[in-house]
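Everything on this sheet refers to the single structure shown next.
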Amino acid sequence: MKKPVLYSACPMRPSRPERSTRSCRCQKSPRQSCSTPEYVLRARFFCCLYNVDCMNSATFIANLVCRIAAGFRLGCLLQCAAMASFVFAAGLTDAAQFHHTTGPLLHTFVEIKAYGDNQTGCVLDQAFVEMGRINDLLNNYDPSSEISAINAAAGSTSVKVSPETFEALNEAKKYARLSSGAFDFTVGPLVSLWGFNREHPGLAGDDPDARLLKQALRLVDYRALKLGADLTGPHARLKHSGMYIDVGAFGKGFAADRALAFLRDRGIPNALVAAGGTICAAGSKPDNQPWQIGIRHPRNDSTFLTVIALHDQSVSTSGDYEKFYYTAGKRRSHIIDPRTGLPVSSVQSVTVIAPSGIASDALSTALFVLGPGDGLRLIEKLPGCEALVVTAAGEVVFSSGWPQKTIIY
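Using my numbering, read the sequence shown as starting at 79 and increasing by one per residue.
Rendered as structure tokens:
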């Protein structure tokens, strides 16, 4: 029996704003049969193979073709090395072909997979374009995005936003409230202070000065985001100058949710969308079996903790291995506690299963900050949500309804 392969996150931070440039390719090449496990390149590995820093709209399609070709040549090697994402073990029929599209987006690597007829591949490409459109709205590293406009106007005027941006921010506020601020999307000033942003991948020296840390903490408060609507449409405003929304802990999940909704509306009920550490699953495989997802071991790239089955659910993993550095012998993770301003050190990784991508995305960050005690107590209150936590000591802790309590590493 072949093991499912792990999916993991990729901390890709393009040095220039990502923009959606993809078009639909309706003429499909023959696709790989899923009678044997199908490989997909792990995003972390592709950071080494494909540099998006110099990507622009004129070269996107050409680079994508080269990337896919390189992926097929490296497929067997990557699979044997456990350097792939998900595995589909079901056989195909003529009525249910496997289709796959992939590319860099949302500061990570996005993959969309589905079973369907000959037109399914074209619809997947359109779903990728839809995710790119959401990225263009939410990308806080793109000066022309709506989120950047809100950040730039912090402390002054309201900014008119699209219904999609309004919905994403409204959902983000919901999970910030549920977690009592353990998840806080206004953590941007702290992320910047600690160096975990696009311009500064990590501090090389001492921790930030206590005075600067105190100043940054004053600018972190999700409640200071004011959302409203009038005759001109929805709008958003940050109350204090210097505040900064960072969509890193909810943007990918929201975009993946939108992609699945796009596919369902076009008659594709069975699909997977993966964006960084978030996977959203709709329906099932052609044999009516759920999607099988491996959960990565936070300290061993080639090993996974367990395998879970997803059906109309999403799963997200937050880990201290995604971006970190050492200073004075201390490991500093990119996940900052918005209540203290300090990097979280009590947890190695958190995996959350939830009904939607934005829920699993935001809650995995919230639980990472809360730790196993308060975090699992929160999860037990939320319908349809389960969690697995690996503590700093390596202990694995589950919520009461976690689907697979057998650890296989």
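By construction, the Cβ of each residue, glycine as well, lies at the ideal position given by its N, Cα and C atoms.
Only a predicted model underlies this, so the values are computations on that prediction, with no experimental measurement involved.
- At a Cβ-Cβ threshold of 8 Å, I414 and D398 do not count as neighbours.
- Classified as buried, H375 has 16 or more neighbouring CB atoms from the shown chains inside 10 Å of its CB.
- Under the Cβ criterion (8 Å, minimum of three pairs), the region 245 to 257 counts as touching the region 298 to 310.
- Rounded to the nearest whole angstrom, the C-alpha separation of V428 and F176 is 31 Å.
- Beta-bridge pairing by DSSP links V393 to I357, I431.
- Rounded to whole angstroms, V207 and A288 show a C-alpha spacing of 44 Å.
- As a beta-bridge residue in DSSP terms, A307 pairs with P312.
- The beta-carbon distance between V265 and V298, rounded to whole angstroms, is 6 Å. This is short enough to meet the 8 Å contact definition.
- The beta carbon of T198 lies closer than 8 Å to those of Q175, H177, A192, I346 in the same chain, with the five residues before and after it left out.
- Here the region 203 to 218 does not lie against the region 231 to 238, with fewer than 3 beta-carbon pairs under 8 Å apart.
- For the pair Y253 and A465, the CB atoms are not nearer than the 8 Å cut-off.
- Within the region 324 to 368, the complete beta strand (DSSP E) segments of 3 residues or longer fall at 349 to 353, 356 to 360, listed in chain order.
- Under a 10 Å Cβ-count criterion, H185 is classified as buried, with 16 or more other Cβ atoms of the shown protein chains found around its own Cβ.
- Annotation note: the region 186 to 250 contains the following uninterrupted alpha helix (DSSP H) runs of length 4 or greater, listed N- to C-terminal: 198 to 216, 224 to 230.
- Close CB contacts of K317 within its chain, under the 6 Å cut and outside five residues either way in sequence, are with A302 (chain order).
- Counting only residues of its own chain and dropping the five nearest sequence neighbours on each side, A353 has a CB closer than 7 Å to the CB of L184, T186, V188, K330, A333, A334.
- Exposed is the label assigned to G451, since fewer than 16 other Cβ atoms lie within 10 Å of its Cβ.
- At the C-beta level, F244 and P286 stay beyond 8 Å of one another.
- With fewer than 16 other Cβ atoms inside 10 Å of its own Cβ, T235 counts as exposed.
- Distances from the alpha-carbon of F261 to those of I431, P481, G419, I371 put G419 closest.
- Judged by beta-carbon spacing, V467 lies within the 8 Å limit of L454, meaning their Cβ atoms are closer than that value.
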